[in-house]
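**Q**
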Amino acid sequence: MQLSTKLFLISALIVTKVIASACDIGETSSDSGSSGSGSSGGTVLSFGGYNYNFECSSFGGGSNTVPIPPTSSSSCARVYENYSLTYGCNLIDDFASAQSAYESCYAQDMAACASASSSDPNC
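For the sequence shown, position 76 matches number 75 in numbering that gives the first Met the number 0, and the numbering has no gaps at all.
1. Rounded to a whole number of angstroms, what is the C-alpha to C-alpha distance between A21 and A115?
2. For N81, does the three-state DSSP call read helix, strand or coil?
3. Which one or two residues does DSSP pair with P66 in a beta bridge?
4. Would the beta-carbon of T70 fall within 8 Å of that of Y79?
5. Taking the alpha-carbon positions, what's the P66 to S45 distance?
6. Since Y51 and S74 should fall inside the 8 Å C-beta cutoff, what is the C-beta to C-beta distance between them, to a whole number of angstroms?
7. Give the DSSP-derived three-state secondary structure of S56 in the structure shown.
8. Based on Cα-Cα distance, which residue from S72, S96, T64 lies nearest to D108?
9. Looking only at its own chain, which residues have a Cβ that is under 8 Å from the Cβ of A100, when we skip the five neighbours before and after it?
10. At the level of alpha carbons, what is the spacing between F60 and A95?
11. What's the gap between the Cα of E54 and the Cα of A97?
12. Please tell me whether C112 and V43 are closer than 8 Å, where the distance is taken between their beta carbons.
13. Using the three-state DSSP reduction, which class does C88 fall into: helix, strand or coil?
Pasting the structure below:
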């Protein structure tokens, strides 16, 4: 495995763990490639919670898998996918926009958790 792939996987794990600890959401499910299911059972973070698989055309290709944590909207799940792809494939021209979108969704998810009842299993 190339150094850039290893570094990305480590950073993705750290980001995922930070999100998980901030909302205390635990592990993600292994529904590969699904995009979430809409709201269910009173949870505010009802999208995401799956593994995102992607391949990079640079760095010799190869497949990558990154967990997408539960999030408050399907658009944020796509933002987290884009963030993973951008940094995982070292698309440096897209770093700033991917980071900005990621931070916006992260703030949205944290606000949703802050306003949710303590019984929400994803917060």
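We treat Cβ as the ideally placed atom computed from N, Cα and C, and that holds for glycine.
**A** Taking the geometry as given:
1. Caution applies to A21, whose pLDDT of 39 falls short of 50 and renders its modelled position unreliable; the value that the coordinates give is listed next. About 14 Å.
2. helix
3. Note: P66 is bridge-paired with N50 in the DSSP secondary-structure output.
4. yes
5. 15 Å
6. Actually they are not in contact, since the Cβ atoms of Y51 and S74 sit about 15 Å apart, beyond 8 Å.
7. coil
8. S72
9. Residues of the same chain with a CB within less than 8 Å of the CB of A100, apart from the 5 flanking positions on each side, are V78, N81, Y82 in chain order.
10. Note that residue 60 is Gly in the sequence shown here, rather than Phe. Rounded to whole angstroms, G60 to A95 spans 23 Å at the Cα level.
11. 17 Å
12. yes
13. coil
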